[in-house]
Amino acid sequence: MDGAFTMAEAEEMLGLRGGGLAKNMRANGLRPKRVGKYRVMTLEQIERYERLTARPCVERVAARPRGWVGVYAAADLIGVSTAFIHKWTRRGLIAAVRVGHVNYYNPDTVREVGERLRQPAPGGWVPLRDACGGADRDSAAQWLRNRGHEVRKYMRPESGQRILYATEAAMREWQAHHAAYTRGRKLTPEQAREIRARRAAGEKRNALAREYGVSEAAIRQIVLGKTYPEAS
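All the letters of the sequence shown, read from the start, carry residue numbers 5 to 236 under this note's numbering.
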């Protein structure tokens, strides 16, 4: 078929890999054609896909600047995924240009972001996983953000992982709220066992939360066995 490219060729033109192009096309209202046993894209479809998924901060140029690297090499420089490179490029922290259908990245700005990622937490900040105890960290982080507190990711020196941190003052406020919210709403092991059985039978989490007077996060913790393990 003249003027058509196989999915593998199209992915190479777009700087993609992993076989996810067809799924991304459907998500953007496009559908590859089938010719024999191959799915193919026309040049018009490739250009339309590129417009729909264009990175607004990436400038088009005629040729790759000397020393600039592709997305996989950029990701390997600092040991992250390509999605991470795209995210920080959209934020304007990594310099990038587009040549044809491929992005190229300034390795100096990539390394600067890598150095930023390796920064430990400043004084007065504590890991959410330590301060929350057995409570749900994501729920705590959302509660803090809703009240104007900053929640950031920093590298934990002991593990080398980037995890969520908040200030000690913010965590004390959350702990006071959490203690007041859960006081008087303790469940018995029999109730926890009943909740697990009813969730296994398909009952909705929000309905159980209303009935037992606890949060949906508490229901989730019970089902996962993180609270009331004696009721398992």
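In this text, a Cβ means the ideal position worked out from N, Cα and C, and glycines have one as well.
Quick check: what's the CA-CA separation for residue 131 versus residue 202? Here the alpha carbon of residue 131 sits roughly 34 Å from the alpha carbon of residue 202.
If you draw a straight line from the alpha carbon of residue 150 to that of residue 66, how long is it in whole angstroms? 45 Å
Would you tell me roughly how many angstroms separate the C-alpha atoms of residue 205 and residue 78, rounded to the nearest one? 47 Å
Figure out for me which residue from 197, 198, 224 has the closest Cα to the Cα of residue 210. 224
Reference residue 125; option with closest CA among 102, 168, 197: 168
Are residue 107 and residue 100 touching if we call contact CB-CB under 8 Å? yes
Output the distance between the C-alpha atoms of residue 119 and residue 18, rounded to the nearest integer angstrom. Distance between residue 119 and residue 18, taken at the CA atoms: about 29 Å.
Using the beta-carbon count (16 or more within 10 Å), is residue 3 buried or exposed? Any question about residue 3 goes unanswered here, given that the chain covers just 5 to 236.
Cutting at 8 Å between CB atoms, please list the residues of its own chain near residue 123, excluding the five before and the five after it. A distance below 8 Å between beta-carbons, with the five flanking residues on each side excluded, links residue 123 to the following residues of its chain, in chain order: 158, 159.
Compute the distance between the beta-carbons of residue 121 and residue 156, then report whether it is under 8 Å. no
Note down, in chain order, each residue of its chain lying with its Cβ closer than 7 Å to the Cβ of residue 44, except the 5 sequence neighbours on either side. 5, 8, 9, 10, 36, 37
Pick helix, strand or coil for residue 131, following the three-state DSSP scheme. strand
Which residue wins for smallest C-alpha separation from residue 102, given the options 220, 42, 161, 69? Among 220, 42, 161, 69, the Cα nearest to that of residue 102 is on 69.
Let me know the secondary structure DSSP gives residue 65 once reduced to three states. coil
Thinking residue 137 and residue 171 are a contact (beta carbons under 8 Å), I'd like their distance in whole angstroms, please. Not a contact, Cβ separation roughly 18 Å.
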